[in-house]
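Student: The sequence shown maps to residues 10 to 74 in our numbering.
No residue lacks a Cβ here, since even glycine has one placed at the ideal position from N, Cα and C.
Computed from a prediction, not measured in an experiment: that's the story for all the values here.
Below is one structure. I have some questions about it.
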Amino acid sequence: NAPEVAILGVARSEIRPVWDGVQFQPRLVLPLCLSWDHRALDGVAAARFLGFLAGMLSDFRRAVL
C-alpha cells in the first residue's frame, strides 16, 4: 500500500481474566497488530514503537498530560 510504511491494526477491546500472581482479575485488553515494510523500517524500531504505544494506552493519564 504505497506510500504507507506501517499499518497499525486495533481490534475491539474486551474484559479478560488475567492472573496477577494470586488470583484472576478482570482486565480490559486491547489487541494491537503492527505490520511494516522491512525495507523502510527496522524491526527493532517497530517493536519499540508498539511497546511505547502499549505503555501509553495502559496508563492513559500519561497520554493526556
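Which runs of the alpha helix (DSSP H) spanning at least 4 residues fall entirely within the stretch 33 to 71, listed in chain order?
Tutor: Complete alpha helix (DSSP H) runs here, min 4: 52 to 67.
Student: Is the beta carbon of Asp51 less than 7 Å from the beta carbon of Val14?
Tutor: Within the sequence shown, numbered from 1, the residue matching residue 51 stands at position 42. Within the sequence shown, numbered from 1, the residue matching residue 14 stands at position 5. Contact flag unset, no.
Student: From Asp29 to Arg36, what distance separates their C-alpha atoms?
Tutor: Translated into positions along the sequence shown, residue 29 becomes position 20. Translated into positions along the sequence shown, residue 36 becomes position 27. Answer to the nearest angstrom: the Cα atoms are 10 Å apart.
Student: If you follow the beta strand (DSSP E) that Pro26 is in, where does it begin and where does it stop?
Tutor: Stepping through the sequence shown from its first residue, residue 26 is reached at position 17. That run of the beta strand (DSSP E) goes 23 to 28.
Student: Check this for me: beta carbons of Leu66 and Leu43, under 7 Å apart or not?
Tutor: Here residue 66 refers to the residue found at position 57 of the sequence shown. Here residue 43 refers to the residue found at position 34 of the sequence shown. No, the Cβ-Cβ distance between Leu66 and Leu43 is not below 7 Å.
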